[in-house]
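I have placed the structure first, in the form of structure tokens, so that the comments after it can refer back to it.
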Amino acid sequence: MSATPMIEVENLTKRYGGRAAVRDLSFTVQRGEIVGFLGQNGAGKTTTMRMLSCFMPATSGTARVAGYDVFTQADEVRRRIGYMPEGNPLHLEMRVREYLKFRARLKGLSVGRSRDRVDIVTQQCGLGEVANKVIGTLSGGYRQRVGLADALVHEPELIILDEPTKNLDAHLTRAVRQLIKDVSKDRTVFISSHLLPEVELTCTRVIIIHQGAIRESGTLDELQRKMSAGQQVIAELAAPVPDLREAWEHMAEVEHFDIAAAEGDFHRCSLTPRAGVDLRPQIFELAKTRGWQLRELTRTRHSLEDIFVHVTKKEQEET
């Protein structure tokens, strides 16, 4: 596998008059990653994706795909990218197979190769039953599958998907998510979505953009660690309240605690640690030393939605 990153962006800026839609974006996507690109409406997601897909020039900065410059080597970049834009524009009057052959030829495939690839992506994307149907008669879920098949037909190394599950119900969203996972096994995927739980289930890493600038990036575990100051440890112990209160007050790493009655002799303790501290080993040893029965010992986990809200709210408060 090549060591060249699939996407390299440095100081990428796009201005419309005096307004910067994106400003000084710098990030890298390695080969084989599934990266979620997250932001509120108007944050700059679609603008960035359109620039990476050679649909829009930048005001300044550089962007490379598989080592090729997006702005000076656009033909090479287009061969390596499969792009499904937001809204998934399709020729609704065409039949599925006819449309995919048309798109394959438009992307430079020979007649024979186009036929072979259309057969492959039709099966890969679950379109076999509707291959001869007019696209305009299909459900939203099938239309999304056609859009994904279009993005895959020329065997791109990178798939860029802008809101691929928008306006789909939960069942269809789940089906498209699994399809994205299936086709990403030997490709890189760069995906934007407003459905944060879907991104959490699909992506290996996320980049959060807010007001045209990148605010955070990393794996979910990395972002969780950055927010560890807000995490709590829940411990259910069979011990008297005065003993528990004394123990937590003398544990230097505990910033705040609450104690509530639970079943029988147990009490449920909610403890907030100092940033970066995992209290669980200390609590386990304490219970062992004191002879307290320990029924539960867990640490709360921030969801991607929690992290996203925290990052964007923090930026709004600082501006």
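According to this note's numbering, the sequence shown is numbered sequentially starting from 3.
Ideal placement from N, C-alpha and C gives every residue a C-beta, glycine not left out.
Distances from the alpha-carbon of E165 to those of T15, Q146 and K183 put Q146 closest. With fewer than 16 other beta carbons inside 10 angstroms of its own, Q295 counts as exposed. Per the Cβ contact rule, the region 119-127 is not in contact with the region 78-97 (fewer than 3 Cβ pairs under 8 Å). When DSSP reads this structure, H258 sits in a beta bridge with T274. In the three-state DSSP reduction, V235 falls in the strand class (E or B).
Cβ-Cβ separation between A68 and R82: approximately 5 Å, consistent with a contact (criterion under 8 Å).
In terms of CA proximity to Q75, S55 leads the group V31, S55, P87 and A177. Taken in chain order, the whole alpha helix (DSSP H) runs of length 4 or more contained in the region 43-128 are 47-54, 76-82, 98-108 and 113-126.
Under the 10 Å beta carbon count, Y18 is surrounded by fewer than 16 other beta carbons and is classified as exposed. Per DSSP, reduced to three states, the secondary structure at K16 is strand. If you draw a straight line from the Cα of D267 to the Cα of L246, it comes to about 12 Å.
Less than 8 Å separates the beta-carbon of V208 from that of V37.
If you check the CB distance, R105 and V155 come in under 8 Å. For a cut-off of 8 Å, the C-beta gap from E255 to E298 is around 19 Å, too long to register as a contact. The beta carbon of T48 is closer than 7 Å to those of E88 and D164 in its chain, skipping five residues each way along the sequence. Secondary structure note for R303: it is in no beta strand (DSSP E), with a DSSP letter that is neither H nor E. About 7 Å separates the CB atoms of T221 and T206; that is less than 8 Å, so the two are in contact.
Following the DSSP letters along the chain, one finds A289 inside the alpha helix (DSSP H) bounded by residues R282 to R292. The straight-line gap separating the alpha-carbon atoms of T175 and V311 is approximately 22 Å.
With a contact defined as Cβ atoms closer than 8 Å, W250 and L273 qualify at about 6 Å.
Looking only at A240, I216, T314 and G278, the smallest Cα-Cα distance to F286 is reached by A240. If you look at H173, you'll find it in the alpha helix (DSSP H) that goes A172 to V185.
Around the beta carbon of Q180, fewer than 16 other beta carbons sit within 10 angstroms, so the residue counts as exposed. Bridge partners of S194 according to DSSP: F39 and D164. Take V243, set aside five residues on each side of it, and the residues of its chain with a beta-carbon closer than 7 Å to its own are I261 and H269, in chain order.
For V31, the pairing in a beta bridge is given by DSSP as I9. Secondary structure at H212: strand, using DSSP grouped into helix, strand and coil.
Assignment of A153 by DSSP, reduced to helix, strand and coil, places it in the helix class. K16 and A45 do not touch by the CB rule: their CB atoms are close to 13 Å apart, not below 8 Å.
In the DSSP assignment, P244 falls within the unbroken alpha helix (DSSP H) covering V243 to E251.
Note: A263 is bridge-paired with H269 in the DSSP secondary-structure output.
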